[in-house]
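All residue numbers for the sequence shown refer to my numbering, where the first residue is 2 and numbers rise by one.
Below: the structure, in structure tokens.
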Amino acid sequence: MDVTGRAIGALRMRGFRVEGHRDRKDLPRPRDTDGPPDTDRAPDTDRAPGTRRATATGPDGPGEGPRTDTARRLLDSRWWRGAAVALAGALPALAFPAPSWWWFAYVALVPWMLLARSAPTARRAAYDGWIGGAGFMLAVHHWLIPSLHVFTFVIAVLLGLLWAPWGVLVRHLLGGLPSAGRIAAAFVLLPAAWLTVELVRSWEGLGGPWGLLGSSQWQVEPALRVASVGGVWLVSLLVVAVNTAVTVLVAVDGARVPAVAGIVLAAVVAGAAWAWAPRPERAGSARVAVVQPGSQNGVGGPGPRFAREEALTRGLAGRGVDLVVWGESSVGQDLVRHPELADRIARLSREVGAQILVNVDARRSDKPGIFKSAILVGPGGPTGDRYDKMRLVPFGEYVPARALLGWATLVGKAAGEDRMRGQAPVVMPVAEAAGNGPSKARAWGKVGPLVCFESAFPDMSRQLTRQGANLLLAQSATATFQNSWAPAQHASLAAVRAAENGRPMVHATLTGISAVYGPDGAPVGTPLGTDASAARVYDVPLAEGSTLYVRLGDWAVYGSLVALVVLGAVEGARAVRRPTRTPGSP
Numbered sequence: 002m003d004v005t006g007r008a009i010g011a012l013r014m015r016g017f018r019v020e021g022h023r024d025r026k027d028l029p030r031p032r033d034t035d036g037p038p039d040t041d042r043a044p045d046t047d048r049a050p051g052t053r054r055a056t057a058t059g060p061d062g063p064g065e066g067p068r069t070d071t072a073r074r075l076l077d078s079r080w081w082r083g084a085a086v087a088l089a090g091a092l093p094a095l096a097f098p099a100p101s102w103w104w105f106a107y108v109a110l111v112p113w114m115l116l117a118r119s120a121p122t123a124r125r126a127a128y129d130g131w132i133g134g135a136g137f138m139l140a141v142h143h144w145l146i147p148s149l150h151v152f153t154f155v156i157a158v159l160l161g162l163l164w165a166p167w168g169v170l171v172r173h174l175l176g177g178l179p180s181a182g183r184i185a186a187a188f189v190l191l192p193a194a195w196l197t198v199e200l201v202r203s204w205e206g207l208g209g210p211w212g213l214l215g216s217s218q219w220q221v222e223p224a225l226r227v228a229s230v231g232g233v234w235l236v237s238l239l240v241v242a243v244n245t246a247v248t249v250l251v252a253v254d255g256a257r258v259p260a261v262a263g264i265v266l267a268a269v270v271a272g273a274a275w276a277w278a279p280r281p282e283r284a285g286s287a288r289v290a291v292v293q294p295g296s297q298n299g300v301g302g303p304g305p306r307f308a309r310e311e312a313l314t315r316g317l318a319g320r321g322v323d324l325v326v327w328g329e330s331s332v333g334q335d336l337v338r339h340p341e342l343a344d345r346i347a348r349l350s351r352e353v354g355a356q357i358l359v360n361v362d363a364r365r366s367d368k369p370g371i372f373k374s375a376i377l378v379g380p381g382g383p384t385g386d387r388y389d390k391m392r393l394v395p396f397g398e399y400v401p402a403r404a405l406l407g408w409a410t411l412v413g414k415a416a417g418e419d420r421m422r423g424q425a426p427v428v429m430p431v432a433e434a435a436g437n438g439p440s441k442a443r444a445w446g447k448v449g450p451l452v453c454f455e456s457a458f459p460d461m462s463r464q465l466t467r468q469g470a471n472l473l474l475a476q477s478a479t480a481t482f483q484n485s486w487a488p489a490q491h492a493s494l495a496a497v498r499a500a501e502n503g504r505p506m507v508h509a510t511l512t513g514i515s516a517v518y519g520p521d522g523a524p525v526g527t528p529l530g531t532d533a534s535a536a537r538v539y540d541v542p543l544a545e546g547s548t549l550y551v552r553l554g555d556w557a558v559y560g561s562l563v564a565l566v567v568l569g570a571v572e573g574a575r576a577v578r579r580p581t582r583t584p585g586s587p
């Protein structure tokens, strides 16, 4: 066999396709393509002069087609490739508010996946997953930089590590010339692995579930219907599955049919959810007023803020309001230690004819420490219904491992003293205030309060719904992050929680954006922007019945974990069956 034939034979053994070579009978059989090409070996330096490097889809690189020498050198450079991966990982952030390019989420992962699949080694693919994950976390949380400074970058780099296995899996399933079996597995396993990363980072101690990919679809009605079936998790699965299909369509020659089939399957799942998923049944309505004092009032202290909230609430008299909601930290002193504040709020309740849900950020009189508490106040004063915030914002409300990281308070706006945690969720019966007297009329509903970024946790609103809440409430304060993407991102989460649970949700803030969403996640009325200082009344449609997500819970997460366990078992069995190579064997 000539030199060219030997070179081509070696390439075929490594899983490459060689076009136009006629002498196939003398060549060794190509290796099994059910696994990734053995690109951990050194590059082809021994091919014969005048022969082209044979690849999956092009002569110049695995899966990338023709490219210039300059582009090749850039991607072969550790630093340039790292910069490209970080930028590719940051792209999905554009699907979230404020840009809110929801459609971009379905292709935003493709550049990142193309880079990971072309990694020369599994280690490089892990780096691509890590660096891309760090880029994504930094882009989604970039508005934290003025508050946390260097910690924002440290957190992004640490959380980015969660995507390292995902990068390896992308290369394993889509690298080289993937078989039909590997492509089919990729449609299941890559979304499952992504969802596992989202699950792990959703732990409160790692920052919570801010920026879940499915949350970018908060204004897309079919996606909200999917959320009612499997929560935001199922939406994330479908988004990653579509990205996988597009990656295959772009990078793998001759894979148009399975790629299009994957996209069609995702559309069929969304269509089935649209057509057959149970819909909440209308059960009356409630007139809920949101009081937003605005950034120009109250930033300097709780006194001016309270006075502005008091004036805005008084203007609601005579408007038939059923409930008034103030934002997070709307009251800066404990109502037991300062009964005069409780009396002023009770007087407002009598004037307006509705109970008022306030939020007290203060040291409690009956327990040590500072709590953030949602407290319901009626015509006769506090009703006794109180919810203490359970999940706190790392660094914002407590410093993890303060003995080690306490110096964060010197370089950023980290909490000087840790807030204390509540013990259990609370559902509060809400009654109509009877005229100007202290007595109560009939109860019209039950509200489930959440505080600040607790609205990002799907399990918390689901638990409140299962306990009987027919109206979900989130009290928030984003004054620190005005003129950033944070207020819009936070408000959008209420739409997803409403759709998941089939219950309306009110997102009330001190400084905007305050918004209300119906049981299907559709907006109700006009939001209060960050430039507003006003009280606005919303006619909120109530609903009864149960969504599949409320009944079944996080089944999409459990299914993903099972799929990955099966993958591990299959790969382990292959490793056991694979014969050990002896020295000198091909």
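Positions of the beta carbon are idealized from the N, C-alpha and C atoms, including for glycine.
- Message: Can you look up V567 in the DSSP assignment and give me helix, strand or coil?
- Response: helix
- Where F154 sits in the DSSP three-state scheme: helix
- Query: From T531 to S296, what does the alpha carbon distance come to, in whole angstroms?
  - Reply: 7 Å
- Three-state secondary structure assigned by DSSP to V332: strand
- Query: Which one of V322, A375, R315 has the shortest CA to CA distance from S330?
  - Reply: A375
- Between I346, K373, Y107, P281, which lies nearest to P380 when the distance is taken from Cα to Cα? I346
- Would the beta-carbon of L191 fall within 8 Å of that of L170? yes
- Query: Apart from the five residues on each side of it in sequence, which residues of its chain come closer than 8 Å, Cβ to Cβ, to S286?
  - Reply: D540, V541, P542, L543
- Roughly how many angstroms separate the alpha carbons of G232 and Q464, rounded to a whole number? 13 Å
- Where does the unbroken beta strand (DSSP E) through F372 begin, and where does it stop? 371-379
- Query: To the nearest angstrom, how far is it from the Cα of N437 to the Cα of V400?
  - Reply: Residue placement at N437 is poorly supported in this model, since its pLDDT is 43, which falls under 50; the coordinates still yield a value, given next. Spanning the two alpha carbons is a distance of roughly 45 Å.
- Message: Among the candidates Q424, A489, V558, whose CA atom is the shortest distance from the CA of S217?
- Response: A489
- N244, DSSP secondary structure in three states: helix
- Query: What is the DSSP secondary structure of A355, reduced to helix, strand or coil?
  - Reply: strand
- To which residues does DSSP link A140 through a beta bridge? Partner(s): none; A140 has no beta bridge.
- Message: Pairs of beta-carbons, one from the region 149-165 and one from the region 219-237, closer than 8 Å: are there three or more?
- Response: no
- Opposing strand residues paired with M506 [DSSP bridges]: L473, Y518
- What whole-angstrom Cβ distance do A242 and G272 have, given they're in contact under 8 Å? About 15 Å separates the two Cβ atoms, so there is no contact after all.
- Message: Rounded to whole angstroms, what is the Cα-Cα separation between H491 and G319?
- Response: 32 Å
- Query: Between V292 and A475, is the Cβ-Cβ spacing less than 8 Å?
  - Reply: no
- Task: Kindly give me the distance between the Cβ atoms of A496 and G526, rounded to whole angstroms, as I take these residues to be in contact under 8 Å.
- Result: Actually they are not in contact, since the Cβ atoms of A496 and G526 sit about 13 Å apart, beyond 8 Å.
- Query: Does the distance from the C-beta atom of L1 to that of A355 stay below 8 Å?
  - Reply: No statement about residue 1 is possible, as the shown extent of the chain runs from 2 to 587 and does not include it.
- Task: Check whether the Cβ atoms of G333 and D367 sit closer than 8 Å, and answer yes or no.
- Result: no
- Message: Quick check on the DSSP output: the alpha helix (DSSP H) that includes A276 runs from which residue to which?
- Response: 257-277
- Message: Does the structure place the region 106-118 close enough to the region 502-513 that three or more beta carbon pairs sit under 8 Å?
- Response: no
- Query: For D460, does the three-state DSSP call read helix, strand or coil?
  - Reply: helix
- Item | Rounded distance between the beta-carbons of T466 and S229, thought under 8 Å | About 12 Å; that fails the 8 Å criterion.
- Item | Residue span of the alpha helix (DSSP H) that contains T314, given as start and end | 303-315
- Determine the contact status of L225 and A516, defining contact as a CB-CB distance below 8 Å. no
- Span separating the alpha-carbon of W104 from that of Q220: 11 Å
- Message: Please report the straight-line C-alpha distance between V538 and P528, rounded to a whole angstrom.
- Response: 11 Å
- Task: Taking F454 and G209 to be in contact with their CB atoms under 8 Å, please state how far apart those CB atoms are, rounded to whole angstroms.
- Result: 6 Å
- Query: Considering only the beta carbon of each residue, do L511 and G328 sit closer than 8 Å?
  - Reply: yes
- Task: Please confirm whether P281 and E545 have their CB atoms less than 8 Å apart.
- Result: yes
- Item | For V86, the nearest candidate out of V111, A99, W211, W486 (CA to CA) | V111
- Item | Spatial distance of P303 from V359 (CA atoms) | 13 Å
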